[in-house]
Amino acid sequence: MARTRKIQARTAAPAVLATFALLAAACGSDDVADVVDDVTDEVEEAADDVEEAVEEATDGDDEEAMEEEAMEEEGTEEEATEEEATEGATITVAIVGNPQMEDIVSLTPDAFTADSGIEVEYTILEEQTLREIVTREAGAEGDTFDVVMIGAYEAPQFGDNGWVLNLNDFADGDEAYDKGDILPTVLSALSVDGNQYASPFYAESSFVMYREDLLADAGQTMPAAPTWQEVDAIARAVDSDETAGICLRGKPGWGDLGASFTTVLNTFGGTWWEANEDGSIGAAQVDQPEFREALEFYVSLVQEAGQDDAANASFGECLSLYQDGAVAMWYDATVASGILEADDSPVQGLNNFALAPVVETAGSGWFWSWALAIPQNAENPDAAWEYISWATGPDYLVTAGETLGWAQTPPGTRQSLYDNPNYQEASASFGQQSLDAILNANPDDPGTTPRPGLPGVQYVGVPEFQDVGTRCTELFSAVIADALSIDDALEQCQAIASEASV
Amino acid sequence: MASQTGPVLGENKVVSLLLGIATWIVGLLFFFPIFWLVLNGFKDNLEASTRPTLFFSPTLERFRELGEEQAGVLSFREAATNSFWIVLISTILVMLLAIPAAYSLAIRPVKKWRDVLFFFISTKFLPIVGALMPLYFIAQQASWRIEVPIVGWVWEYDTLLNTRLLLVILYTAMNLPLAVWMLRSFFAEVPKELIEASQMDGTSLLGQIKSVILPIVSPGVAATALLCVIFGWNEFFLAVQLNNAGASTLPQWVASQETSRGNFIATLSAASVLATIPVVVAGWVAQKRMIRGLAMGAIK
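Going down the list, the sequences are from chains A and B. Residue 105 in my numbering sits at position 105 of the first sequence; the count goes up by one each step and never skips. Residue 239 in my numbering sits at position 239 of the second sequence; the count goes up by one each step and never skips.
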């Protein structure tokens, strides 16, 4: 017995030490001693609790005692928040994790709470989870959040359903908010019939990013406004064993492959559905020659001159490959340019940018915005608006630029940012192209035929698109991975899309 | 044990060598993702998401960043504290309910105990997502006020959504059927002779449980409790769906390290490492005790 115990202690010691070391590293400025104290305290507390619980259990009234204890925990917390409520409102904000949002989180205490007295609690969620939860909260009349971040796809639909408040009532009387400063494309994408349902925090279009040095080495030049045929030729010319010609999204998902591919589809003259006269979903158009042509073009380009493992690549994977020098071109969100030109980027200064390639349309870039909205049941809409007005107002861009660096400001929402000389200097290599791309995006008429539903470029503005887009891009991704023929994919996708037709 | 009954697989040297190699391969296959996760935690975000490499200059920077606390954002410390209390209280509740249940199913079986046992496990048949909306509405509308007259304490709930109490209740309910099943099989192994002997001595029911049965089944109780701790600690779905503001747990904290525009693999790996350590240590310590306990028989 004694021997076993000794061995246990000897083998357990390194593990415990390693644990404390990592915890100490995690607790930053704190001394290891503090951490150890904390941990010991917690363990002691826990031990006390167990003892209490066991004593009470043996006394007989076990369950009640434990429930009371659980409630005591909650009780103290409730009291704490109630105390805060008397000092000033607390609002809960659900956001998606991205670099610009992380910045606003860090600026909130000094730049917002200090002035307004409103405490802000953030819930950071992954994009798809945020979408699920916000949709459910909105539909089930939940009041968990005072402010939610929604995308350009959801904003008009939620507004139409009455799930989020009409912001006109707040924005029109708020001079500091300066609604006229918002880029017209952005404002109209978040509005229905002149009613604004969300306030843009960030907006992006899509364009081509390319390595000037690698293209020059291969004797290629990129036009400022290329066609897809030109991009295709350049990609094939620069494609080599070490460096792929172009990075294109191939990962299934309506917002992944679905976004890139739909912009190509639009400019090839194809579409997912016809629009009925009343704007509802008409016949599926996946079996039309334009759709096939666009898919064949996309698949052949990414298979023959694209990145390795293309069927699993989306924004993150392409970003890594591009920064690593493994691809010469990349067609994706304009916001990537800021990351590529950031001071810590290995490819800083090597890049140039061109408008989204076209075939039959004048432009083809997508439009996306992350925007803040107030759910219909929010407990404190006035405090929520005060927050939105600050977070998406013109002054925040200046605050963020001055505190964190101008290249880090959330792009794409306001003219005043692009007029600011500091920003112009910091974004000299990509600012104007990003702005042009966003202003050129055309959600109202993205292709050659009318679209059903609400406006949208890289998606169709109907709730059914999420499901259809995701299921079809699973098929298309399989085609890219050579696991399915184009004929089969188109036939199955046509059947899927037809289910949504009215 | 098996060797007493004659030649078996593994006696032959070649076979045993091959078996050994196969075991190592399978073991390494299972261990590799964990190894890679830990390794990534010590890299730069860019390094971790570009070409995989074993050789790099390790940094504690990710762990330091993760430990930084910002007003209004779920911190590691806060999430770990929430997880700790939720898991601790729910596990204690489960054990308090499951031990008597296991006793009545194994040692003095109630009538139709098989049906009862089946009922318990049948509550796990429904995919939890199927119960999500009802749970959401019930939690949303649950509200009460409890006053303790003399001391003057008041507990008031407008809603159960986004409270630790909700997760305590759900995790207790989630783990209870499993705990009853596991404990029943441990209790069933308690020798009847011991119980009869204690009855002859005139021990009360409570005394019987306390001084005869519990010492024998304690490794089983420890194993069951550990499993409840692990399931509660790692539970993500219910937490993220019903508890996404104010009382979030560690798995949610880990998930919040993802970003939609940029490299995050190293940060996410470091966060996963931090969240994993407590359960690994708990499991390791408990495992040694459990094996020792299981190896010692009651009447030998």
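Ideal Cβ positions, reconstructed from N, Cα and C, are used throughout, including at glycine.
From the DSSP output, which residues share a beta bridge with residue i?
i	result
Ala373 (chain A)	A:Val148
Phe353 (chain A)	A:Met209
Tyr423 (chain A)	Paired residues: none, contrary to the question.
Asn195 (chain A)	A:Val192
Pro200 (chain A)	A:Ala371
Val358 (chain A)	A:Thr227
Val327 (chain A)	A:Ala244
Val105 (chain A)	Val105 (chain A) pairs with nothing; no bridge assigned.
Tyr157 (chain B)	B:Trp144
Ile124 (chain A)	A:Ile95
Within 10 Å of its beta-carbon, does residue i have 16 or more other beta-carbons around it, so buried, or fewer, so exposed?
i	result
Ile133 (chain A)	buried
Ser49 (chain B)	buried
Trp390 (chain A)	buried
Trp144 (chain B)	exposed
Pro184 (chain A)	exposed
Ala500 (chain A)	buried
Ala485 (chain A)	Sequence inspection shows Ser at residue 485 (chain A); the Ala mentioned does not correspond to that position. The residue in question, Ser485 (chain A), is exposed, as its Cβ has fewer than 16 Cβ neighbours within 10 Å.
Lys251 (chain A)	buried
Ala138 (chain A)	buried
Ile182 (chain A)	buried
Met133 (chain B)	exposed
Val35 (chain A)	Low confidence applies here, because Val35 (chain A) scores a pLDDT of 40, under 50, leaving its location unreliable; read the following figure in that light. That one is buried.
Arg114 (chain B)	exposed
Met95 (chain B)	buried
Thr23 (chain B)	exposed
Trp153 (chain B)	exposed
Trp284 (chain B)	exposed
Asn12 (chain B)	exposed
Determine the DSSP secondary structure at residue i, reduced to helix, strand or coil.
i	result
Ser465 (chain A)	Checking the displayed sequence, the identity of residue 465 (chain A) turns out to be Phe instead of Ser. Of the three classes helix, strand and coil, the one that applies to Phe465 (chain A) here is helix, per DSSP.
Ser29 (chain A)	For Ser29 (chain A), the pLDDT reaches just 38, beneath the cut-off of 50, and the residue's location in the model is therefore unreliable, although a value from the coordinates is still provided. Ser29 (chain A): coil per DSSP, three-state reduction.
Met200 (chain B)	helix
Leu190 (chain A)	coil
Gly306 (chain A)	strand
Asp344 (chain A)	coil
Thr92 (chain A)	strand
Met222 (chain A)	coil
Ala48 (chain B)	helix
Leu510 (chain A)	Any property of residue 510 (chain A) remains undetermined from this structure, which presents chain A solely from 1 to 502.
Ala142 (chain B)	coil
Glu78 (chain A)	Bear in mind that a pLDDT of 44 at Glu78 (chain A), under 50, signals an unreliable position, so the number given afterwards is only what the model happens to contain. In this structure, Glu78 (chain A) counts as helix in the three-state DSSP scheme.
Ala155 (chain A)	helix
Ile388 (chain A)	helix
Arg414 (chain A)	strand
Ser16 (chain B)	helix
Gly363 (chain A)	coil
Tyr459 (chain A)	coil
Thr506 (chain A)	Nothing about residue 506 (chain A) can be reported from this structure: the residues present for chain A run from 1 to 502 only.
Leu454 (chain A)	strand
Please name the residue in the options whose C-alpha comes closest to that of residue i.
i	options	result
Gln492 (chain A)	A:Val238, A:Val286 and A:Asp178	A:Val286
Gln208 (chain B)	B:Ala223, B:Val221 and B:Val190	B:Val190
Arg571 (chain A)	A:Gly180, A:Val327 and A:Ala111	Chain A is shown only over 1 to 502; residue 571 (chain A) falls outside these bounds and no answer can be derived.
Tyr298 (chain A)	A:Asp115, A:Ala233, A:Glu121 and A:Ala152	A:Ala233
Ser240 (chain A)	A:Asp172, A:Ser434 and A:Met329	A:Met329
Leu301 (chain A)	A:Cys318, A:Ile246 and A:Gly279	A:Ile246
Val240 (chain B)	B:Asn162, B:Arg77 and B:Gly41	B:Asn162
Leu160 (chain B)	B:Asn243, B:Trp233 and B:Ile146	B:Asn243
Ile169 (chain B)	B:Ile89, B:Phe76, B:Trp113 and B:Lys192	B:Ile89
Leu37 (chain B)	B:Ile265, B:Phe63, B:Lys288 and B:Leu96	B:Ile265
Asn98 (chain A)	A:Ser369, A:Leu248 and A:Gly194	A:Ser369
Give the C-beta separation of residue i and residue j to the nearest angstrom, bearing in mind that I take them to be a contact with Cβ-Cβ under 8 Å.
i	j	result
Pro443 (chain A)	Val460 (chain A)	With 8 Å as the limit, Pro443 (chain A) and Val460 (chain A) do not qualify as a contact, their Cβ atoms being about 11 Å apart.
Gly338 (chain A)	Ala407 (chain A)	6 Å
Gly41 (chain B)	Ser269 (chain B)	4 Å
Ala356 (chain A)	Val208 (chain A)	7 Å
Ser191 (chain A)	Tyr197 (chain A)	7 Å
Ala89 (chain A)	Ala383 (chain A)	4 Å
Phe315 (chain A)	Arg261 (chain B)	7 Å
Ile121 (chain B)	Pro177 (chain B)	5 Å
Ile438 (chain A)	Thr334 (chain A)	7 Å
Phe187 (chain B)	Ala106 (chain B)	4 Å
(request) Select from the region 233-260 of chain B all residues with a C-beta closer than 8 Å to any C-beta belonging to chain D, and list them in chain order. (result) No chain D appears in the structure shown, which is made up of the protein chains A and B.
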